[in-house]
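Asks:
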Amino acid sequence: MLRLAVFLAALAVPLYWLYLAWIVALGPDPGKWLLDHLGQGALVFLLLTLSMTPLSRLTGWPIWMALRRQLGLWTFAYACLHVGAFVLFILDGDLSRLLTELPSRPYVLVGALAFSGLLPLALSSNRWSMRTLGKRWKRLHRLVYLVLVLALLHMLWVVRSDLQQWALYSGIGGCLLLMRTPLIDRWLVQLAAGRRARPRKVANNP
Ligand code: HEM
Numbered sequence: 611m612l613r614l615a616v617f618l619a620a621l622a623v624p625l626y627w628l629y630l631a632w633i634v635a636l637g638p639d640p641g642k643w644l645l646d647h648l649g650q651g652a653l654v655f656l657l658l659t660l661s662m663t664p665l666s667r668l669t670g671w672p673i674w675m676a677l678r679r680q681l682g683l684w685t686f687a688y689a690c691l692h693v694g695a696f697v698l699f700i701l702d703g704d705l706s707r708l709l710t711e712l713p714s715r716p717y718v719l720v721g722a723l724a725f726s727g728l729l730p731l732a733l734s735s736n737r738w739s740m741r742t743l744g745k746r747w748k749r750l751h752r753l754v755y756l757v758l759v760l761a762l763l764h765m766l767w768v769v770r771s772d773l774q775q776w777a778l779y780s781g782i783g784g785c786l787l788l789m790r791t792p793l794i795d796r797w798l799v800q801l802a803a804g805r806r807a808r809p810r811k812v813a814n815n816p
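The letter at position 55 of the sequence shown is residue 665 when you use the numbering used here, and the numbering goes up by one with no holes.
#1: Measure from the alpha carbon of LEU731 to the alpha carbon of each residue in LEU758, GLU711, GLY783 and ALA803, then state which is nearest.
#2: Only counting the same chain, and skipping five residues up and downstream in sequence, which positions put a Cβ closer than 7 Å to that of MET675?
#3: Please say whether LEU645 and ALA845 have beta carbons closer to each other than 7 Å?
#4: Count Cβ pairs between the segment 762-779 and the segment 789-808 that sit closer than 8 Å; are there 3 or more?
#5: Could you have a look at THR791 and say whether DSSP puts it in helix, strand or coil?
#6: Tell me whether ALA652 is buried or exposed, calling it buried when 16 or more other Cβ atoms sit within 10 Å of its Cβ.
#7: For ARG678, name the three-state secondary structure that DSSP assigns.
#8: So, is GLY682 buried or exposed, given that buried needs 16 or more other C-beta atoms within 10 angstroms?
#9: Could you check how far apart the C-beta atoms of LEU668 and LEU798 are, in whole angstroms? I think they sit under 8 Å.
#10: Under a three-way DSSP split, which group does GLY670 fall into?
#11: Indicate the three-state DSSP secondary structure (helix, strand or coil) for ILE700 in the structure shown.
#12: Any contact of the segment 635-642 with the segment 705-715, i.e. 3+ C-beta pairs under 8 Å?
#13: What are the boundary residues of the alpha helix (DSSP H) that ALA622 is part of?
#14: In whole angstroms, give me the CA-to-CA distance for ARG808 and GLY721.
#15: PHE686: beta carbon under 6 Å from a heavy atom of ligand 1?
#16: Measuring straight from C-alpha to C-alpha, what distance separates ALA813 and GLY804?
#17: Would LEU691 and LEU625 be called neighbours here (beta carbons separated by less than 7 Å)?
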């Protein structure tokens, strides 16, 4: 049920933005509006994806891990739409303009690096790849942390002086990265185990 709700919400957002574009409600530069919001959408989904493992450690509920793959794929889908918006609205559909645009938009290279990190993650997010790659799958998927750092750097380069939103995303991203360090990861598991054991103790000693 939760998985369906996430799917419908993630699908509804860009459709709603398209509707706003259709009724000319996206301001003077709808292309840039869509480009920026799709970029932010990709980053938000990336942060949500990364929060699934800590949530699973804390609560012990299997639903978080079941959601992780879908959220990761939505990150990739939003990133694809973001890149598509860049090609359509900034390059006017003409890929040969990329070389002339690059000197004035060097942050595009960092975005492209982040995107090329997302690609193998999305392609290997199926059970077959998990089974075939074995331990290497986990190692490959650690790439997600580098993607996060690159995406935050890409955004910082774009927003430069307007740092409020960037600081929020970076703060959340920093906490999530910290939670994956062995020390804090172990502490989360112990915390959850302690919380699960407590009601049993009460039941044993009425
Ligand atoms: C080939 C890959 C990419 C290209 C060409 C690209 C290009 C761009 C461009 C042109 C902008 C807008 C600059 C402006 O407002 O003047 C932008 C902004 C942004 N991009 Fe990317 N990007 C790429 C990958 C990514 C990825 C993978 C992510 C996240 C996972 C991302 C997240 C963002 C964010 C958060 C912004 C800032 C939006 C804002 O202004 O609020 N981008 N990108």
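Cβ atoms here follow ideal geometry from the backbone N, Cα and C, with glycine treated the same way. Given the structure is predicted, the values throughout are model-derived calculations rather than measurements.
Replies: From the atom records:
#1: LEU758
#2: MET662 and SER666
#3: What is shown of the chain runs 611 to 816, which leaves residue 845 out entirely.
#4: no
#5: THR791: coil per DSSP, three-state reduction.
#6: buried
#7: helix
#8: Residue burial annotation: GLY682 is buried, with at least 16 other C-beta atoms found within 10 angstroms of its C-beta.
#9: Sure, about 6 Å apart at Cβ, within 8 Å.
#10: Three-state result, GLY670: coil.
#11: If DSSP states are grouped into helix, strand and coil, ILE700 belongs with the helices.
#12: no
#13: 612-632
#14: 47 Å
#15: no
#16: Legend: pLDDT at ALA813 = 46, less than 50; position of this residue unreliable, value from coordinates given subsequently. Near 15 Å, if we compare the C-alpha coordinates of GLY804 and ALA813.
#17: no
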